[in-house]
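Residue numbers (the working numbering): 131 to 218.
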């Protein structure tokens, strides 16, 4: 093990090489996590309002469709993040 460390192999080393990879990875996945959290909170609020019948009185379910579109957008972004960081 000491020989490997002397040759430059570090168990804490970055496999991508640059130190910026770690900060970029955590920044992008962190922002995505914030959007997922906001989306879950938004979906819970919409679901509670839907169960209480707030949308049945007006007949306007556009906010439910917007919530679904937002969730699909966040899901699509995750596909690209996964491909960028884990499959590249």
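Think of the CB as a built atom: it goes at the ideal place given N, C-alpha and C, for glycine as much as any other residue. Small disclaimer: the values here were computed from a predicted structure and weren't measured.
query: Taking the C-alpha atoms as reference points, what is the distance between residue 215 and residue 156?; result: 11 Å
query: Assess, as a yes-or-no matter, whether the region 197 to 214 is touched by the region 162 to 172 under the definition of 3 or more beta carbon pairs within less than 8 Å.; result: yes
query: Please report the straight-line C-alpha distance between residue 167 and residue 182, rounded to a whole angstrom.; result: 23 Å
query: Which residue's Cα is closest to the Cα of residue 200: 171, 158, 132 and 180?; result: 171
query: Kindly list the residues whose CB is nearer than 7 Å to the CB of residue 197, restricted to its own chain and excluding five residues on each side of it in sequence; keep chain order.; result: 172, 173 and 176
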